[in-house]
Structures are given as structure tokens and as C-alpha cells.
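Chains as they are written, first to last, in the numbering used here: chain A, 1 to 126; chain B, 1001 to 1274.
Structure representation (C-alpha cells):
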């Protein structure tokens, strides 16, 4: 998993810290963080990422809009996107998947689930 | 004439003798043939006996080999079972370690975040995040003891109309009892129960030995049916650390947000330490 770069877009510091904590357990993974969709887009325009993990409910620009913009960007058309949704918010999940997200993780999140999903998608990239 | 008779008699005698010799030779030859036949038969018997003897030996050898292989097979099967059991143990242990890791991550991050700010609004937001994102709570309230020390007043109401949450007198009802006893309440309510008066979870907020408020959890997120071990640990953490964070933020607010250490503070600490 070395040399893979993952972007975490999450407005909640608690959640962001938990997600980064989980991702750091994947050896060699490089992790960048953004507070919202706009911050995420800035990161995406300045660096190349192999996987994007984004919350849906965020201020300024939510995760659904971010997924939509990512899929319309030729540079990120094929990059795996994982959305984090509130448990039971099936509409959000279906909408995110229809926009092109590859996977979803529901809250309250489990670190093992994050690791499994990210590893699985990055294996596909490799 | 007599000589002829003598000669004839001698010839007859020799012939008789020859016949006798020939007869004994024939008998000897017959004896030899019989002996030969007997020996051949005996030899054949011995050969057959030897062959039969080798077969028995081979069977015994093969039986012994089969027993040895059977024994080895049982040992291998036994070892395979041991390895399978070890693998199962490793899987179980891995799952346990993952769960422990997840628990520790949750606790560490919650604790870290709760003590990362002195701003009361930020502290409240962090408590909301912990309850929503880490536990999976949809509706909750935080009630704090008011200045009279007789009533718990709503400080935060999440997922409900704030007007639905009233003040509670200390010692009254499930919430008032938890404040008085300091014992966390975690139970499955009856379908007809008034959840606002008797929330499924009531967490006392303790600063030292003093209970200064409660967190009431009314409803979990959809699909989250039960609490996990992590949730209970998070409740314990919130009971101690959220209370301390709120209390510290309240002191900070009352001091005008200035972390100023007075002379009396230094004097007191110096006196206690030295």
C-alpha cells in the first residue's frame, strides 16, 4: 500500500481524527485532510490522490456535490470514492452511489471497516 | 562230454550270476528312481513351503506398514485440527484486538477532543459529535444543575424541539434520581414508557464527587438496535470528561476567557506542594 495517497474530507474533527487514526494503520499510506468539499477540491487540484473518502453532511459543499464534481473531472473519473453516511440514511447512500461513489461507510464508524474498505479499493487500483 | 557239461554248467552259473547282478542293478536303479522321486517331491514341498512363508511375511510387513501409515495419518489429521484451531484462535484474537483498537481509538479521540478547547460552544459540539458519530445517538439532551442546586436545566437539546425538555427537580423521577445517586441508568424502556421522563440512558456528569448534570439519550439512529461495549465505555468517558470539559469551559467563560493565574493561585499551589 506504499505510495498510495488518500484524501479524507470531513468537517467533524472527531470523525476526521478517527478516520485518519484508522488509515494510519495501513502501512505506507499517505493521508491528506480537508474540512469540507471546497477544501477537498483544492487539495485534489494541487495533488494527485488514489482514493477519496468523504463525509456527506458538510457545510459549504457537501459530499454529494463533491462526488459529482470528482466524477466529472477527467483526472479523477476512475479514482475510488468512499462516502460516509449516517446510519439509516439510505437515500444519501443511493444518491452517492448513483453519482459514482464506489463504497459507503455508515456512522457510527468502525476503524476495522474503514481499513477493510480502503484496502479493498486500493487493491483494485494496484 | 563231461567237459562240455562242466562248461555248460559254468556258463549257466555265470548267466545266473549275471542275471542276479542285473536284477540287483535293476532293483538299485528302481530304488534310485524312487529316491529321486521322493527328493523331488520333498524339494517341491520345501519350495512351496518357502513361497508360502514369504507371503505371510509380506502380509505381516504390509500390515505393519499400514498401521504405521494409519498412525501417521492420525497424527497429521490431529495436527491439522490443531492448526485449524490455532487459526481460529488467531482469527478470534485478531477480531478482539481490532475491537480493542477501535475502542481505544474512540476513547483516545473523544478524550483528546473534549479537552482540546475551553470554548463552551466547541465543547458542546464535540459532545454532540461523540454521541452522534461514535455512539449513534439521534436524540439527546444535556441538563446541568442550576444555581439553586435544586433543578436540572436543559443546556443542550439535540434532535428534539427544545421546548419538549423541561427542568427536572433533583431526586424526582428517573433523571432526578440519577443526579442524586450518581449511578448511570441504562435500560430498555417499555413500549408505552414516556421516554422524555425516563430516557433509556441517563449518564451522570461528575466532577470529582459532585454530580453537576446529566446526559439523557432518548433515541438512537435508525438500525442501531443495541449498545455495544464501546458505547458503554464512551458513556463512562463522557460522564467524567464531558463534565470536566463543561465545568472548565464554564470557569473559563466566567473569568472572561483569560487564562490568568492569580497570586493566590500560585500561593495555594506552592503551599500544597512544598
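In this text, a Cβ means the ideal position worked out from N, Cα and C, and glycines have one as well.
**Message:** If I follow the unbroken beta strand (DSSP E) through residue 1216(B), where does it start and stop?
**Reply:** Stepping through the second chain from its first residue, residue 1216(B) is reached at position 216. In the DSSP annotation of this structure, the continuous segment of the beta strand (DSSP E) that includes residue 1216(B) starts and ends at 1210-1220.
**Prompt:** If we cut at 8 Å on Cβ distances, does residue 111(A) have a partner in chain B?
**Reply:** For the purposes of this step, residue 111(A) is identified with residue 111 of the first chain, where counting begins at 1. Output row for residue 111(A): interface = yes.
**Asked** Opposite residue 55(A) in the DSSP bridges: which residues?
**Response** Taking the first chain and counting its residues from 1, the one referred to as residue 55(A) is at position 55. Note: residue 55(A) sits in a beta bridge opposite 84(A).
**Message:** Counting only Cβ pairs nearer than 8 Å, list the residues of chain B close to residue 14(A).
**Reply:** Position 14 of the first chain holds residue 14(A). By Cβ distance, chain B contributes 1109, 1110, 1113, 1126, 1129, 1130, 1133, 1134.
**Request:** Could you spell out where the beta strand (DSSP E) holding residue 1204(B) opens and where it closes?
**Result:** Taking the second chain and counting its residues from 1, one reaches residue 1204(B) at position 204. Per DSSP, the unbroken beta strand (DSSP E) holding residue 1204(B) starts and ends at 1201-1207.
**Item:** chain B contacts from the stretch 13-39 of chain A (Cβ-Cβ distance under 9 Å)
**Value:** Within the stretch 13-39 of chain A, the qualifying residues are 13, 14, 15, 17, 18, 21, 22, 25.
**Asked** Which class does residue 1118(B) belong to by DSSP, given the choice of helix, strand or coil?
**Response** Taking the second chain and counting its residues from 1, one reaches residue 1118(B) at position 118. Looking at residue 1118(B) - three-state DSSP - the assignment turns out to be coil, as it is neither helix nor strand.
**Coarse secondary structure for residue 4(A), derived from DSSP in three states** = For the purposes of this step, residue 4(A) is taken as the residue at position 4 of the first chain. It is coil, neither helix nor strand.
**Message:** Taking beta-carbon pairs under 7 Å, can you tell me which members of the stretch 1215-1243 of chain B lie near chain A?
**Reply:** 1221, 1222, 1223, 1224
**Request:** Put residue 1170(B) into one of helix, strand or coil per three-state DSSP.
**Result:** One-based indexing of the second chain puts residue 1170(B) at position 170. Correct three-state label for residue 1170(B): coil.
**Prompt:** What's the gap between the Cα of residue 1225(B) and the Cα of residue 1184(B)?
**Reply:** Numbered from its first residue, the second chain carries residue 1225(B) at position 225. Numbered from its first residue, the second chain carries residue 1184(B) at position 184. Distance between the alpha carbons of residue 1225(B) and residue 1184(B) is about 19 Å.
**Item:** Identity of the residues DSSP links to residue 107(A) by a beta bridge
**Value:** Numbered from 1 along the first chain, position 107 holds the residue referred to as residue 107(A). For residue 107(A), which the question treats as bridged, DSSP gives the partners 86(A).
**Asked** Helix, strand or coil: how does DSSP classify residue 1144(B) here?
**Response** For this step, residue 1144(B) is matched to residue 144 along the second chain. Reduced to three states, the DSSP call for residue 1144(B) is strand.
**Assumed close pair residue 1142(B), residue 1160(B) - CB separation to whole angstroms, cut-off 8 Å** = Here the question's residue 1142(B) lines up with position 142 in the second chain. Here the question's residue 1160(B) lines up with position 160 in the second chain. At roughly 12 Å, the Cβ-Cβ gap does not stay under 8 Å, so residue 1142(B) and residue 1160(B) are not in contact.
**Asked** Does any CB atom of chain A fall closer than 8 Å to the CB of residue 1174(B)?
**Response** Working through the second chain from its first residue, we reach residue 1174(B) at position 174. With 8 Å as the cut-off, residue 1174(B) does not count as an interface residue toward chain A.
**Message:** So with CB distances below 8 Å, who are the chain A contacts of residue 1106(B)?
**Reply:** Mapped onto the second chain, residue 1106(B) falls at position 106. 18, listed in chain order.
**Request:** Using a threshold of 8 Å, state whether the C-beta atoms of residue 1213(B) and residue 1174(B) are closer than that.
**Result:** Taking the first residue of the second chain as 1, we reach residue 1213(B) at position 213. Taking the first residue of the second chain as 1, we reach residue 1174(B) at position 174. Contact flag unset, no.
**Request:** With DSSP collapsed to three states, give me the class of residue 1113(B).
**Result:** For the purposes of this step, residue 1113(B) is identified with residue 113 of the second chain, where counting begins at 1. Looking at residue 1113(B) - three-state DSSP - the assignment turns out to be helix.
**Residue-level contact to chain A via CB, residue 1092(B), 8 Å cutoff** = The residue labelled residue 1092(B) in the question sits at position 92 within the second chain. Judged by the 8 Å Cβ criterion, residue 1092(B) is not in contact with chain A.
**Message:** Please report the straight-line C-alpha distance between residue 1093(B) and residue 1255(B), rounded to a whole angstrom.
**Reply:** Numbered from 1 along the second chain, position 93 holds the residue referred to as residue 1093(B). Numbered from 1 along the second chain, position 255 holds the residue referred to as residue 1255(B). Roughly 50 Å separates the two Cα atoms.
**Message:** Starting from residue 1156(B), trace the beta strand (DSSP E) in both directions and tell me its first and last residue.
**Reply:** The sequence position of residue 1156(B) within the second chain is 156, counting from 1. It spans 1151-1158 - the beta strand (DSSP E) in which residue 1156(B) sits, taken as one unbroken run.
**Inter-residue spacing [alpha-carbon to alpha-carbon] between residue 3(A) and residue 112(A)** = In the first chain, residue 3(A) corresponds to position 3, counting from 1. In the first chain, residue 112(A) corresponds to position 112, counting from 1. Residue 3(A) and residue 112(A): Cα-Cα distance of roughly 21 Å.
**Prompt:** What in chain B is Cβ-close to residue 108(A), meaning under 7 Å?
**Reply:** The sequence position of residue 108(A) within the first chain is 108, counting from 1. Within 7 Å Cβ-Cβ: 1133, 1134, 1135, 1136.
**Request:** Kindly indicate the opening and closing residues of the alpha helix (DSSP H) around residue 34(A).
**Result:** If you number the first chain from 1, residue 34(A) lands on position 34. Per DSSP, residue 34(A) lies in no alpha helix (DSSP H) segment; the continuous beta strand (DSSP E) that holds it begins and ends at 30-34.
**Message:** Taking 8 Å as the threshold (beta carbon to beta carbon), is residue 1096(B) in contact with chain E?
**Reply:** Among the protein chains in the structure shown, which are A and B, there is no chain E.
**Request:** Compare the beta carbon distance of residue 1179(B) and residue 1196(B) with 8 Å and say whether it is the shorter of the two.
**Result:** For the purposes of this step, residue 1179(B) is taken as residue 179 along the second chain, with counting starting at 1. For the purposes of this step, residue 1196(B) is taken as residue 196 along the second chain, with counting starting at 1. Not closer than 8 Å, so no.
**Asked** If the cut is a Cβ gap below 7 Å, which residues of chain B does residue 86(A) touch?
**Response** Start at 1 with the first residue of the first chain, and residue 86(A) comes out as number 86. Chain B residues near residue 86(A): 1221.
**Prompt:** Any idea if residue 1009(B) is buried or exposed, counting beta-carbon neighbours within 10 angstroms, 16 or more meaning buried?
**Reply:** Locating residue 1009(B) in the second chain gives position 9, counting from the first residue. Per the 10 Å Cβ criterion, exposed.
**Asked** Are there 16 or more other CB atoms within 10 angstroms of the CB of residue 1129(B), so buried, or fewer, so exposed?
**Response** Position 129 of the second chain, counting from 1, holds the residue named residue 1129(B). Flag for residue 1129(B) reads buried.
**Asked** So, do the stretch 1132-1148 of chain B and the stretch 1259-1271 of chain B have three or more beta carbon pairs nearer to each other than 8 Å?
**Response** no
**Chain-ordered neighbours of residue 1102(B) on chain A, where CB pairs are closer than 8 Å** = The residue given as residue 1102(B) occupies position 102 in the second chain. Near residue 1102(B) (Cβ distances below 8 Å), the residues of chain A are 110, 111, 112.
**Item:** residue 104(A), buried or exposed, once every other Cβ within 10 Å from all chains shown has been counted against 16
**Value:** Residue mapping note: residue 104(A) aligns to position 104 of the first chain, counting from 1. So residue 104(A) ends up on the buried side.
**Prompt:** So, helix, strand or coil for residue 1139(B), using DSSP?
**Reply:** To locate residue 1139(B), count along the second chain from 1; it is residue 139. Strand, per DSSP.
**Item:** Between the CA atoms of residue 1132(B) and residue 54(A) - distance to the nearest angstrom
**Value:** Position 54 of the first chain, counted from the start, is the residue given in the question as residue 54(A). Position 132 of the second chain, counted from the start, is the residue given in the question as residue 1132(B). In a straight line, the C-alpha of residue 54(A) is about 17 Å away from that of residue 1132(B).
**Message:** According to DSSP, is residue 9(A) part of a helix, a strand, or is it coil?
**Reply:** Locating residue 9(A) in the first chain gives position 9, where the first residue counts as 1. Residue state, collapsed to three classes: strand.
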